Structures are given as structure tokens and as C-alpha cells.
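Colleague:
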Amino acid sequence: MGKLDGKIALITDGSDGIGFTIAQQLVSEGAYVFITGRSKEALDAAVKKIDDKHITAIRANSAELDDIDNIINIMQKEKEKLNILVANADMFGLGPLGSITEKSFDIILTLTFEVYFYVTKAAVRSFARC
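Offset between the sequence shown (1-based) and the working numbering: plus 6.
This is the structure:
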């Protein structure tokens, strides 16, 4: 029996990197995990590597409000509640650090914090059901 048996987790941008590693660990502890990402191929590969019986991949862009609502709706239809949220998505990838302008950095910060805020705000609906 794992420490997280019966718990439901949502990890944004969980198809690779830190999000993927967190998803692996949560599944190994007994949680059912939803991961999101923009690449269907990366999501499919992550599901195959982890355990397709304890994970659902949702193709979505966490920077889009409609996609955030869709993520929560899909999750609620399948599992009805949420116990763990890992807001992992980021807006990086604009090039080497030395080439990022002050304006670009401001955009990165704004978008990143907005994503965390809106994902958390949408997820609160599911936490309230626990």
C-alpha cells in the first residue's frame, strides 16, 4: 500500500522534466495522476513509461484559459475530485539567457504567474469536493 493510495493528482506540463519525475513518484506511491502538455507524442510516451492504468494524459496548453477549464472538466468527469495540484507549466524557451530582453523577461514572468494563478483557481473547485 502506498502513501498516496486513492489520491488524485494533476500535474501541468507533466510529460517531461520535473513534471514527469513527479508523476512517476506519485504513481509509485499509489496516486492516480493526470498530466497535461502540448505535445501528444510526449504525453503518449510519458503514459507508456509510467503506467497507463494509473495516469491520464490531457493535451492542453496551460496558458489558454479555455484549456485550463477543459483540463479540470475532464479530470472531474473521470475522478470527480482532486487532492494534489502540481502547477509545473512554464513559459520559458525564448532563447539563451543572454538574448532575453527586459521586456521578454517581463512577459515570461507575467505569463508564468498567470498560468499558476488560473490553474490553481480552476482546481479549487475540485479541492472543495474532497
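Glycine included, C-beta positions come from ideal geometry on N, C-alpha and C. Treat the numbers as computed from the prediction; the structure is a model and nothing was measured.
(1) Could you check the C-alpha separation between Leu117 and Asn67 for me, to the nearest Å?
(2) Please state if the CB of Leu49 and the CB of Leu32 are separated by a distance shorter than 8 Å.
(3) In angstroms with no decimal places, state the Cα-to-Cα distance between Asp112 and Ala95.
(4) What would DSSP say about Gly101, mapped onto helix, strand or coil?
(5) Could you please give the first and the last residue of the uninterrupted alpha helix (DSSP H) stretch that includes Arg44?
(6) Helix, strand or coil for Thr62, going by three-state DSSP, please let me know.
(7) If contacts are defined as beta-carbon pairs under 8 Å, then Arg131 and Ile78 qualify, I think. What distance do you get, rounded to the angstrom?
(8) Can you say whether Phe26 is buried or exposed, counting buried as having 16 or more other CB atoms within 10 angstroms of its CB?
(9) Figure out for me which residue from Ala37, Ala15 and Leu71 has the closest Cα to the Cα of Glu120.
Modeller: On the basis of the coordinates in this document:
(1) Spanning the alpha carbons of Leu117 and Asn67 requires a straight line of approximately 12 Å.
(2) Inclusion of Leu32 and Leu49 in the CB contact set at 8 Å is not warranted, their separation being larger than that value.
(3) Per the coordinates, the alpha-carbon of Asp112 lies some 17 Å from the alpha-carbon of Ala95.
(4) Three-state result, Gly101: coil.
(5) Per DSSP, Arg44 belongs to no alpha helix (DSSP H) and is neither H nor E.
(6) Of the three classes helix, strand and coil, the one that applies to Thr62 here is strand, per DSSP.
(7) Arg131 to Ile78, Cβ: 7 Å. Contact.
(8) The residue is buried, with at least 16 neighbouring Cβ atoms inside 10 Å.
(9) Closest in alpha carbon position to Glu120, among Ala37, Ala15 and Leu71, is Leu71.
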